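A.B. asks: Counted from 1, the sequence shown has number 39 at position 40 by numbering that gives the first Met the number 0; the numbering is strictly sequential.
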Amino acid sequence: MKNLITPFLLNCLGSLGILFMVSCDSNSTSKNLTSIEEFDPVAIAKTNDTKVYMHYMTWFESNESTSNKQWGYHWTMQNQNPDNIDANGRREIASHYYPLIGPYHSGDKDVIEYHLLLMKYSGIDGILIDWYGTYDVNDYAMVRENTEQVVKMMDEVGLEYGIVYEDRFLNNIVNAQMAPTPESAAKRDMRYLETNFFSDPNYIQINNNPLLMVFGPVTLETPERWTEVFSTLETPPTFLTLWDSSAEAGANAQGEYAWVYENKSYLENFYNNTLPALEIGMGGAYPGFNDFYEEGGSSSNIGWTIDHNNGATLDQTLQLAETNNLDYLQLITWNDFGEGTMFEPTEEFGFSYIEKVRDFTGAEVNQNVFDNILQLYSFRKKYEGNGPVQRKLDQAFEYFASVQPEKAIEILNTIEQ
Numbered sequence: 000m001k002n003l004i005t006p007f008l009l010n011c012l013g014s015l016g017i018l019f020m021v022s023c024d025s026n027s028t029s030k031n032l033t034s035i036e037e038f039d040p041v042a043i044a045k046t047n048d049t050k051v052y053m054h055y056m057t058w059f060e061s062n063e064s065t066s067n068k069q070w071g072y073h074w075t076m077q078n079q080n081p082d083n084i085d086a087n088g089r090r091e092i093a094s095h096y097y098p099l100i101g102p103y104h105s106g107d108k109d110v111i112e113y114h115l116l117l118m119k120y121s122g123i124d125g126i127l128i129d130w131y132g133t134y135d136v137n138d139y140a141m142v143r144e145n146t147e148q149v150v151k152m153m154d155e156v157g158l159e160y161g162i163v164y165e166d167r168f169l170n171n172i173v174n175a176q177m178a179p180t181p182e183s184a185a186k187r188d189m190r191y192l193e194t195n196f197f198s199d200p201n202y203i204q205i206n207n208n209p210l211l212m213v214f215g216p217v218t219l220e221t222p223e224r225w226t227e228v229f230s231t232l233e234t235p236p237t238f239l240t241l242w243d244s245s246a247e248a249g250a251n252a253q254g255e256y257a258w259v260y261e262n263k264s265y266l267e268n269f270y271n272n273t274l275p276a277l278e279i280g281m282g283g284a285y286p287g288f289n290d291f292y293e294e295g296g297s298s299s300n301i302g303w304t305i306d307h308n309n310g311a312t313l314d315q316t317l318q319l320a321e322t323n324n325l326d327y328l329q330l331i332t333w334n335d336f337g338e339g340t341m342f343e344p345t346e347e348f349g350f351s352y353i354e355k356v357r358d359f360t361g362a363e364v365n366q367n368v369f370d371n372i373l374q375l376y377s378f379r380k381k382y383e384g385n386g387p388v389q390r391k392l393d394q395a396f397e398y399f400a401s402v403q404p405e406k407a408i409e410i411l412n413t414i415e416q
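1. Indicate whether G161 and L241 have their beta-carbon atoms separated by less than 8 Å.
2. Would you report the Cα separation of A44 and N170, rounded to the nearest angstrom?
3. Give me the Cα-Cα distance between G125 and W70, rounded to the nearest whole angstrom.
4. Leaving out five residues before and five after V51 in sequence, what residues of the same chain have Cβ atoms less than 6 Å from its Cβ?
5. Identify which residue in N308, N289, N309 has its Cα closest to the Cα of N300.
6. To which residues does DSSP link K50 through a beta bridge?
7. Given that a residue counts as buried once 16 or more other Cβ atoms are within 10 Å of its Cβ, and exposed if not, what is E338?
8. Measuring CA to CA, which of Y398, E405, K406 is closest to E37?
9. Which residue from Y265, Y285, G215 puts its Cα closest to that of A252?
10. Which residues in the same chain have their Cβ closer than 7 Å to the Cβ of A42, if we skip the five residues on either side of it in sequence?
11. Out of curiosity, what's the CA-to-CA distance linking A284 and L330?
12. Using the C-alpha atoms, what's the distance from P102 back to L148?
13. Are the beta-carbon atoms belonging to T316 and L266 less than 8 Å from one another?
14. For M53 and K119, I'd like the C-alpha separation in whole angstroms.
15. Run the CB neighbour count on D306, radius 10 Å, all protein chains shown included, and call it buried at 16 or more, exposed below.
16. From the DSSP output, which residues share a beta bridge with F238?
17. Would you please state the rounded distance, in angstroms, between the beta carbons of T221 and E182? I believe it to be under 8 Å.
18. Assess, as a yes-or-no matter, whether the region 90 to 106 is touched by the region 332 to 351 under the definition of 3 or more beta carbon pairs within less than 8 Å.
19. Any idea if I84 is buried or exposed, counting beta-carbon neighbours within 10 angstroms, 16 or more meaning buried?
20. Can we say the region 134 to 153 touches the region 404 to 412, given the rule of at least three CB pairs closer than 8 Å?
21. Taking just the CA atoms, how far does T180 sit from F229?
22. If you check the beta carbons only, do L99 and T345 fall under 8 Å apart?
23. Who are the Cβ neighbours of I372 in its own chain at under 8 Å, not counting the five residues just before and after it?
24. Could I get the ranges of all uninterrupted alpha helix (DSSP H) runs contained in the region 318 to 393, with 4 residues as the minimum, in chain order?
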């Protein structure tokens with residue numbers, strides 16, 4: 000339980016509003032100025048028992064990021080330059096779609112607050128963070144640092160999180176002479192996860208063990224290799240591989256999860272033929288797939304797309320999840336703009352995708368607050384460095400996180416009066 004900060008009783012002078020929220024008696028010549036009230040986060044009540052998790056990327060870097068002061072690959076690919084701004088104020092990015100808040104840095108606290116609050120009010124239970132490990136090769140260190148910034152806010156918002164490990168990059172660590180073998184590199188990563196994440200109360204636990212997923216396996220493709228990697232852990236994780244890949248981990252894997260591929264018949268096959276035989280299975284739902292790799296000058300050539308179809312694709316994949324009465328569902332993805340699978344609000348689709356998620360989860364909220372959460376983010380940026388306003392916004396966040404949105408909105412409505 001958070002502690003309430005001791006209130007201060009001060010004379011009601013406008014200049015003293017810098018650090019405190021105002022509580023006034025209109026019949027008094029003085030006013031009580033009270034510090035921010037902090038609350039424990041409150042879960043959104045839902046009518047759907049399915050645990051819903053969002054696949055989440057922390058790989059975005061902007062020219063305002065604290066490290067390299069440059070636009071990262073995932074906004075630029077080989078030939079896009081976000082410093083180029085068109086007549087509508089849109090930056091040139093490596094995507095067919097444009098986030099409502101524009102391109103951003105994944106470690107930006109304001110961005111993280113915005114993302115997590117939107118997910119919370121959609122009825123999403125937590126995020127599954129795509130994670131490259133602990134080594135400083137390419138942009139892996141930046142992804143790790145951004146992940147740590149996201150994790151810091153999970154308790155504040157009241158969501159869970161888990162890790163989706165990218166074992167495909169282990170050979171890059173060996174080639175950089177930072178580890179003698181892929182297994183030794185993966186062991187270091189596992190020790191980091193166990194020390195820093197697995198015991199966190201907000202870390203997802205399934206069958207009393209921390210959930211760990213792998214986007215593959217791609218490099219560690221035999222049970223013996225995973226047995227060696229997990230030997231460094233005191234408690235083995237509940238381990239899920241990509242669909243039809245658990246044999247590569249053998250008894251180390253307790254199940255599989257679905258992904259996006261070509262058309263929904265692959266999902267149907269997973270539900271009908273794979274899921275019944277799994278100890279643990281995690282379904283998938285997505286709004287579409289329309290990658291930018293070819294336009295962005297990448298050597299990757301996917302060769303297929305899935306039309307968003309004005310939201311019908313998401314309707315269909317959510318309906319499949321509902322029909323199969325899943326225990327666990329992964330939404331694919333919050334913000335892979337390069338592949339066009341994003342649930343994050345965009346100029347093209349607005350809030351429609353997270354509104355559909357809210358309907359699926361049966362999130363019991365009295366009002367639509369997505370616009371208000373966007374307003375909170377906009378005020379964070381507009382009044383950056385303005386102590387009095389930021390203090391009000393901090394209080395609004397506390398109200399949002401503790402599911403008192405009407406009080407948060409009341410504060411937001413005072414900002415520009």
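Ideal Cβ positions, reconstructed from N, Cα and C, are used throughout, including at glycine. Model, not experiment: these values are computed from the prediction.
C.D. replies: According to the data block:
1. No, Cβ-Cβ distance for G161 and L241 is not below 8 Å.
2. The alpha-carbon atoms of A44 and N170 are separated by roughly 44 Å.
3. Their Cα atoms are separated by approximately 28 Å.
4. I123, D124, L328, T360
5. N289
6. Answer is Y327, bridged to K50.
7. buried
8. Y398
9. G215
10. G157
11. 5 Å
12. Rather than Leu, the amino acid found at residue 148 in this sequence is Gln. Rounded to whole angstroms, Q148 to P102 spans 18 Å at the Cα level.
13. yes
14. Approximately 11 Å between the Cα atoms of the pair.
15. exposed
16. L211
17. Actually they do not touch by this definition, with Cβ atoms about 11 Å apart.
18. yes
19. exposed
20. no
21. 15 Å
22. yes
23. Y113, L116, L117, Y120, F399
24. 351 to 360, 369 to 381
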